[in-house]
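> So the sequences go chain by chain: S and L.
The first sequence begins at 899 in my numbering and counts up one residue at a time.
The second sequence begins at 899 in my numbering and counts up one residue at a time.
My questions will all concern the structure given below.
There are 2 protein chains.
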Amino acid sequence: MDKKALFFKCVSFTTSVHRVTHELTQNAKSDSITPVQYSILEYITVSQPVTLSDISDCQHISMPNTSREVKKLSEKNLIEKISDTEDRRKQYIRLSKDGEIMMNEAFACVESRFQNRIQNASKEDLEDIERALDILQTKLFYK
Amino acid sequence: MDKKALFFKCVSFTTSVHRVTHELTQNAKSDSITPVQYSILEYITVSQPVTLSDISDCQHISMPNTSREVKKLSEKNLIEKISDTEDRRKQYIRLSKDGEIMMNEAFACVESRFQNRIQNASKEDLEDIERALDILQTKLFYK
DNA sequence: TGATTTTGTTATCAAATGATAAGTAATGGG
DNA sequence: CCCATTACTTATCATTTGATAACAAAATCA
């Protein structure tokens, strides 16, 4: 297989990933937040504590807009801002108790759908999947 | 590795896929269309000919909004609508010449970045990647 | 110390997107 | 033929998101 063919295979693959991700995550999030706010919360969940700049960089949202959305999340009591004692310009952000509860529910919903998707996989299949994830993560979807 | 750990590995993996996809595709699209319009064009490109209902279903956009966006694409001469001779309610949609040119350019841009990403991969790496893509596509990200 | 950079905020505006109601035209089933 | 359904359209409105300018405070650097 030449590199061009690999490219097309990869395009088709990423399309599948996006489709399945959508399938697993749709309606998993609370109605009280917008899609962008959810993606910010998701990022905070897996990377906390993070700064506003981290969110802005990683989610590709401008600083003013990041500030606005984070403020809204803060007003909804889903996150907490903690000032850095070293550098007082910085603010570390992490989930509040309420935020944790909300994200736990969302993740539980997604996970149950995920488990459902792999319920028919054999032990060998699961091992294959795990190996494949590792290979792609290190060789193709690396940072 | 238990299924729960596999779930988290998978979450982390899909996050990487989304990040890399964004990296490869950013600014690849023409400025004359919106992100949603681009995703519609992308879908048409790989699945043409498609009906409005197909687009609506697969892209998760309501029919009225799909109709509006497709109309805009049509006004920009990027697509063509062809009435079905069997069922005159249906319209098959495909890229116009201009639309093909635009999508070829966009895909070329994405592909060059992709090739750049795998330029240091050995022959064995590429084979590993291909196998891994196949495994995940059939065992995890299947329809 | 004074200038510059970094980190974040506020305000404002335009554009993109989502949601809904109401409608047309063609099809198909009884 | 009549009625329900399907495929799509038009119009309208609210919300979300993106972009920009102008600002403040703290840190860093020369």
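Cβ atoms here follow ideal geometry from the backbone N, Cα and C, with glycine treated the same way.
These figures come from a predicted structure and were not determined experimentally.
1. How about residue 935 of chain S: is its C-beta nearer than 8 Å to some C-beta of chain L?
2. Contact criterion: CB-CB distance below 8 Å. Does residue 1009 of chain S meet it with respect to chain L?
3. Mind checking who residue 979 of chain L pairs with in its DSSP beta bridge?
4. In chain order, what residues of the same chain have a beta carbon less than 7 Å from the beta carbon of residue 1000 of chain L, not counting five sequence neighbours either side?
5. Is the Cβ of residue 907 of chain L closer than 8 Å to any Cβ of chain S?
6. The segment 982–1014 of chain S: which residues have C-beta closer than 9 Å to a C-beta of chain L, in chain order?
7. How many angstroms separate the CA atom of residue 984 of chain L from the CA atom of residue 991 of chain L?
8. Are the segment 906–914 of chain L and the segment 1028–1036 of chain S touching by the rule of at least three beta carbon pairs closer than 8 Å?
9. Counting pairs of Cβ atoms below 8 Å between the segment 1033–1040 of chain L and the segment 931–951 of chain S, do you hit three or more?
10. So which residues of chain L does residue 1026 of chain S contact, with C-beta pairs closer than 7 Å?
11. Contact check, residue 1024 of chain L vs residue 943 of chain L under 8 Å by CB: the rounded distance?
12. Run through chain S and tell me which residues come within less than 8 Å of residue 901 of chain L, C-beta to C-beta.
13. So what does residue 948 of chain L bridge to, in DSSP terms?
14. Tell me which residues share the same chain as residue 957 of chain S and place their Cβ nearer than 7 Å to its Cβ, disregarding the 5 neighbours each side in the sequence.
15. Is residue 960 of chain S near residue 954 of chain S, with beta carbons less than 8 Å apart?
16. Tell me whether residue 1017 of chain S sits in a helix, a strand or coil according to DSSP, three-state version.
17. Nearest-angstrom Cα distance between residue 998 of chain S and residue 973 of chain S?
18. Restricting to Cα atoms, I'd like to know which of S:967, S:1011, S:1037 is closest to residue 921 of chain S.
19. If the cut-off is 9 Å on Cβ atoms, which residues from the segment 930–958 of chain L count as contacting chain S, listed in chain order?
20. Taking Cβ positions, are residue 912 of chain L and residue 915 of chain S nearer each other than 8 Å?
21. Between residue 968 of chain S and chain L, is the shortest Cβ-Cβ distance under 8 Å, so that the two count as touching?
22. Considering residue 1039 of chain S, what are the terminal residues of the alpha helix (DSSP H) in which it resides?
23. In the DSSP assignment, the alpha helix (DSSP H) including residue 926 of chain S goes from what residue to what residue?
24. Using a beta-carbon distance below 8 Å, is residue 926 of chain S in contact with chain L?
Quick answer:
1. no
2. yes
3. L:991
4. 928, 976
5. yes
6. 1005, 1008, 1009, 1012, 1013
7. 15 Å
8. yes
9. no
10. 1033, 1037
11. About 25 Å; that fails the 8 Å criterion.
12. 1013, 1016, 1024
13. L:991
14. 937, 938, 941
15. yes
16. coil
17. 15 Å
18. S:1011
19. 940, 941, 944, 956, 958
20. yes
21. no
22. No alpha helix (DSSP H) holds residue 1039 of chain S; DSSP gives it neither H nor E.
23. That residue, residue 926 of chain S, is in no alpha helix (DSSP H); it is neither H nor E in DSSP.
24. no
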